Structures are given as structure tokens and as C-alpha cells.
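*Asks:* This note's numbering puts the first residue of the sequence shown at -17, with every later residue one more than the last.
The structure under discussion is supplied below as C-alpha cells; questions concerning it will follow.
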Amino acid sequence: MSRTVDGSAHTSAPVLAAYRYCETVTGQQARNFAYGIRLLPTDKRQAMSALYAFSRRVDDIGDGSLDADAKQARLEEARAVLGRVRDGAVAEDDTDPVAVALSDAARRFPIPLGGLDELIDGVLMDVRGETYERWEDLAQYCRCVAGAIGRLSLGIFGTMTPAGPGRAEADRAPEYADTLGLALQLTNILRDLREDAANGRTYLPSDDLAKFGCAEGFSGPVPPAGSDFTGLVLFEVKRARGLFAEGYRLLPMLDRRSGACVAAMAGIYRRLLERIAADPEAVLRGRVSLPGREKAYVALRGLTGFDARLAARGRV
């Protein structure tokens, strides 16, 4: 990125092409995410697309068909790309458009790139097939794969830090962004319960599974015999609701369009959570989702600032 004589930003053609590639990846692969970032001004939308495209690359390695050793090698290659971005060693004509876009975004915004190292660490936990005994263990995984994305995004959004008593609260913005990421990830885990089980992955804490008689896992469209599957889901829904309530405290700290972006993305997942709560066994029958018109409504509601006002009063 260079500057024109009047001090405004000028983005070169190779960098613009790299951003277009990342925006295409985002639009095709992340419908829920895309609903939110389309509400941002161009520079922030581009930067968020670069973050997503790199994150998608890492996730795809973890979800791919390679063996564990090959996945670990590929993840370390992604970490090496991140190292080049961090060192400012990616040229505008580099053949990797994601690296070009992410490098430009990191020059424009104070993005804490270490969060992408955390994402890689989290995906490595998947590759190793780690399971989680307690919520505290699962929360650490969720912080790597989702909370870190919240903190990375905050570097692009920026925060409003008023003087006086509100300053201390504003300093907690990264904590709230992290917590909102945990809420989204726990919702994802509930939504994908059967799909993950079919792929040999169990995320919910083994303590919780045992408590509700679900230790044998989820292999079909009906709950394990003798289990309290509904009780398990509602227990995790309650936990997720608490995380959403805490994470929504971030909204009043963001400018209008950044707040709208976060409210749209979080609102879609919050509604998805409530749909799961209304019919817990639906997650065993298929993928629970929201229709496009409902997602559009949530995005519009975020743009009006309605959720931010509710959050400021502690009512979201």
C-alpha cells in the first residue's frame, strides 16, 4: 500500500487482486461470516476477508484427507507463511494471494497476528485427536480456534475507549471478543455433533457426556439408549447463552458499522442456538441452519444498532 500526495491510501493492482481473491473465498465458503463483513467499509471488509481466507486454509488442512503427519507438515508451512507476513517479507507480486492480502492488512491495521498461531495450534489439537474432559479443557481449544479470531478481528475493528470510568471497561474488549468467539464455537459444536462424531471427533467434555448418559457417542439420528440427550443439549445451550451475554458487552465499544458486523455474525449464531434449544434432537437428524431471509433480518437489525443498545443496558 502506498499514499497519494493528499495522504489518502492507494492500493496497488496486485494487492487489490489478492483482496478480491480473499473476498471470493469468503463469499463462497463462509455464508454466515459474509453476512456480517459486508456491513463494513471497504478497507475493513478487505482485511477481514484476508483473515478469513488464511483461517480457511488452516481449517481445510485440518479437515482434509491427508494423514496426520502430512497435515502437521502443511500446518507448519502455513505457520511459515504467517512468519513471512509478520516479518514484512511478502512482496506485492508474491504468488500467494492470501499472503499478499494478509500482509497488506497487517500493515493497515494493528492485527495481533499471534492469534493465527493460536488457530494453527488449535487445528493441531484436532489433528492429534485430542478430547476434552472438562469445560475448562474445551474452552482452551475454543479460544484457539474461535476466541483468537475474535481478538484478531478486534485489531481491524478498533474500539472506542472513553476517558473516565468507561475506560476500564473498554480495556476488557479483547476479553469480550474472546468470549464471543467461545459462544460461537460452542454453538458450532452443538450444530455439528453428529457430523463430527461420524468423523471420529468428540468435542463436548467427557464429564458432561457421562453426566447425561451420552458417553457412548452419537452414531445415528436418535440419542443413545437410556440417555438424557435433551438435558445434555440444554445444559450446553445454557452455557453458550452465558457466553453470548458476556461477549455482547463488546458491542457498545465498537463503531456503528463494526458493531453491526459483529451483531450480525453473533446474532445469526445466537438464533441458531435457540433453534437447537427448541428441538435438541434436530442436530442428530441433520444440519440445523437459518433461512437466508432470517440472516438478512439479523444483519439489518445489527445495522440499526439495536443489539448494541440492548447490550449497553445488559439486555441482550
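We treat Cβ as the ideally placed atom computed from N, Cα and C, and that holds for glycine.
All values reported here derive from a predicted model rather than from experimental measurement.
Who are the Cβ neighbours of residue 103 in its own chain at under 8 Å, not counting the five residues just before and after it?
*Replies:* Only 126 meet the Cβ criterion.
*Asks:* Tell me whether the beta-carbon of residue 187 lies closer than 8 Å to the beta-carbon of residue 115.
*Replies:* Against a cut-off of 8 Å, the Cβ pair of residue 115 and residue 187 comes out as a contact.
*Asks:* Please tell me whether residue 270 and residue 253 are closer than 8 Å, where the distance is taken between their beta carbons.
*Replies:* No, the Cβ-Cβ distance between residue 270 and residue 253 is not below 8 Å.
*Asks:* Pairing CB atoms from the segment 241 to 248 with CB atoms from the segment 159 to 166, are three or more of them under 8 Å?
*Replies:* These segments touch.
*Asks:* Report the option in 29, 15 and 13 whose CA atom is closest to the CA atom of residue -2.
*Replies:* Closest option to residue -2, Cα to Cα, is 29.
*Asks:* In whole angstroms, what is the alpha-carbon distance linking residue 227 and residue 158?
*Replies:* Spanning the two alpha carbons is a distance of roughly 10 Å.
*Asks:* Leaving out the 5 sequence neighbours to the left and right, which residues in its chain are closer than 6 Å to residue 130 when beta-carbon positions are compared?
*Replies:* Excluding sequence neighbours, residue 130 sits near 97, 100 and 101.
*Asks:* Taking residue 179 as the reference, which of 219, 280 and 267 has the closest Cα?
*Replies:* The option with the nearest alpha carbon to residue 179 is 267.
*Asks:* How about the segment 105 to 112 and the segment 40 to 55: do they share at least three Cβ pairs that are nearer than 8 Å?
*Replies:* Touching, per the Cβ criterion.
*Asks:* By Cβ distance, which residues of its chain are closer than 6 Å to residue 280, with the 5 residues on each side in sequence left out?
*Replies:* Correct list, in chain order: 246, 249 and 250.
*Asks:* Of all the beta strand (DSSP E) runs that stay within the bounds of the segment 48 to 90, which reach a length of 3 or more residues?
*Replies:* Counting whole runs of 3 or more residues, the segment 48 to 90 contains no beta strand (DSSP E) stretch at all.
*Asks:* Classify residue 181 as buried or exposed, calling it buried when 16 or more other Cβ atoms lie within 10 Å of its own Cβ.
*Replies:* Exposed.
*Asks:* Quick check on DSSP: helix, strand or coil for residue 45?
*Replies:* Note: residue 45 maps to helix in three-state DSSP.
*Asks:* Please report whether the beta-carbon of residue 15 lies at a distance below 8 Å from any beta-carbon of chain E.
*Replies:* Within the model displayed, chain E is absent; a lone protein chain is all it includes.
*Asks:* What is the rounded straight-line gap between the Cα of residue 234 and the Cα of residue 207?
*Replies:* Between residue 234 and residue 207, the C-alpha separation is close to 46 Å.
*Asks:* Excluding the 5 residues flanking residue 232 on each side, which residues of the same chain have their C-beta closer than 7 Å to its C-beta?
*Replies:* Here the set comprises 155, 158, 159, 162 and 244.
*Asks:* Sorted by chain position, which residues of the same chain lie with C-beta nearer than 6 Å to residue 184's C-beta, five sequence neighbours on each side aside?
*Replies:* Contacts found: 113.
*Asks:* Return helix, strand or coil for residue 243, following the three-state DSSP convention.
*Replies:* Three-state DSSP puts residue 243 in a helix.
*Asks:* So, with DSSP's three-state summary, where would you put residue -6?
*Replies:* Residue state, collapsed to three classes: coil.
*Asks:* Do the CB positions of residue 67 and residue 88 come within less than 8 Å of each other?
*Replies:* Yes, they are a contact pair.
*Asks:* For residue 40, which three-state DSSP category applies?
*Replies:* Helix, per DSSP.
*Asks:* Exposed or buried, which one is residue 47 when buried takes at least 16 other CB atoms within 10 Å?
*Replies:* Label assigned to residue 47: exposed.
*Asks:* What does the alpha-carbon distance come out to for the pair residue 118 and residue -6?
*Replies:* Each residue's Cα considered, the two are about 45 Å apart.
*Asks:* By DSSP, does residue 102 sit in helix, in strand, or in coil?
*Replies:* It is helical.
*Asks:* Give me the Cα-Cα distance between residue 38 and residue 128, rounded to the nearest whole angstrom.
*Replies:* Going from the Cα of residue 38 to the Cα of residue 128 covers about 12 Å.
*Asks:* Is it the case that the segment 74 to 84 contacts the segment 134 to 144, given that we only count it when at least three CB pairs across the two stretches are under 8 Å?
*Replies:* Contact fails: fewer than three Cβ-Cβ distances are below 8 Å.
*Asks:* Going by beta carbon distance, what residues of the same chain come within less than 8 Å of residue 145, once the five residues before and after it are set aside?
*Replies:* For residue 145, the predicted model reports a pLDDT of 49, less than 50, meaning its position is unreliable; a value from the coordinates is still stated below. Correct list: empty, nothing qualifies.
*Asks:* Express the C-alpha separation of residue 36 and residue 45 in angstroms, rounding to a whole number.
*Replies:* For residue 45 and residue 36, the distance between alpha carbons rounds to 14 Å.
*Asks:* Assuming residue 133 and residue 168 are in contact, meaning their beta carbons sit under 8 Å apart, how far apart are those beta carbons, in whole angstroms?
*Replies:* No, residue 133 and residue 168 are not in contact; Cβ-Cβ is about 17 Å, not under 8 Å.
*Asks:* Measuring only the C-alpha atoms, how far is residue 174 from residue 200?
*Replies:* Roughly 11 Å separates the two Cα atoms.
*Asks:* Only counting runs of 4 or more residues, tell me where the alpha helix (DSSP H) segments fall wholly within the segment 148 to 180, in order along the chain.
*Replies:* Runs of the alpha helix (DSSP H) inside the segment 148 to 180: 148 to 152, 155 to 173 and 175 to 180.
*Asks:* Residue 190: buried (16+ other C-beta within 10 angstroms of its C-beta) or exposed?
*Replies:* The residue in question, residue 190, is buried, as its Cβ has 16 or more Cβ neighbours within 10 Å.
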